[in-house]
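S.K.: My numbering puts the sequence shown at residues 47 to 160.
One structure coming up, written as structure tokens, with questions to follow.
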Amino acid sequence: VQLQASGGGLVQAGGSLRLSCAASGSIVTINHMGWYRQAPGKQRTLVATITSVGSTNYADSVKGRFTISRDSAKNTVYLQMNSLKPEDTAAYYCRIVAIPQSGWGKGTLVTVSS
Numbered sequence: 047v048q049l050q051a052s053g054g055g056l057v058q059a060g061g062s063l064r065l066s067c068a069a070s071g072s073i074v075t076i077n078h079m080g081w082y083r084q085a086p087g088k089q090r091t092l093v094a095t096i097t098s099v100g101s102t103n104y105a106d107s108v109k110g111r112f113t114i115s116r117d118s119a120k121n122t123v124y125l126q127m128n129s130l131k132p133e134d135t136a137a138y139y140c141r142i143v144a145i146p147q148s149g150w151g152k153g154t155l156v157t158v159s160s
């Protein structure tokens, strides 16, 4: 499975960005897709996930500011990020858990300036 992420960039605090991640390759069933992030010197942590039936899960730090959604027909997941804070600065990684193969996308960098 291949994951192509896009949408990162530089934004001022309070601004918005939208990340996209499209999955391709041999995909039979998707269990869930999601976004994780890793700030410099820190571990990778969950941001949000969405299951094949649309159930969502968010890190407490992003609840009310970020929204995950998906287009099942396109095997694509989105992350709408509003009210961004400098502490949201990180590399954001797309994740797919699927049959026959799970995988990670390459990170897309989000930088929030104060």
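Note that CB positions come from ideal geometry on N, CA and C, so glycine has one too.
1) Relative to the alpha-carbon of K120, which residue among G87, Q84, I76, M127 has its alpha-carbon at the smallest distance?
2) Give the DSSP-derived three-state secondary structure of D134 in the structure shown.
3) Measure the CB-CB distance between I142 and G149 and report whether it falls below 8 Å.
4) Nearest CA to the CA of M127: which residue from A85, I145, Y138?
5) With the cut-off set at 8 Å, would you say G54 and V156 are in Cβ contact?
6) Under three-state DSSP, which class holds S107?
7) Does DSSP classify G119 as helix, strand or coil?
M.R.: Based on what the coordinates show:
1) In the sequence shown, residue 120 corresponds to position 74, counting from 1. Measuring from the Cα of K120, the nearest candidate turns out to be I76.
2) Along the sequence shown, one-based indexing puts residue 134 at 88. Three-state DSSP puts D134 in a helix.
3) Position 96 of the sequence shown, counted from the start, is the residue given in the question as residue 142. Position 103 of the sequence shown, counted from the start, is the residue given in the question as residue 149. Yes, they are a contact pair.
4) As a first step, residue 127 is located in the sequence shown; it is residue number 81 there, counting from the start. It is Y138 whose Cα lies nearest to the Cα of M127.
5) For the purposes of this step, residue 54 is taken as the residue at position 8 of the sequence shown. For the purposes of this step, residue 156 is taken as the residue at position 110 of the sequence shown. Against a cut-off of 8 Å, the Cβ pair of V156 and G54 comes out as a contact.
6) Numbered from 1 along the sequence shown, position 61 holds the residue referred to as residue 107. Looking at S107 - three-state DSSP - the assignment turns out to be coil, as it is neither helix nor strand.
7) The count along the sequence shown starts at 1 and reaches residue 119 at position 73. Correcting the residue identity first, residue 119 is Ala in this sequence and not Gly. Of the three classes helix, strand and coil, the one that applies to A119 here is helix, per DSSP.
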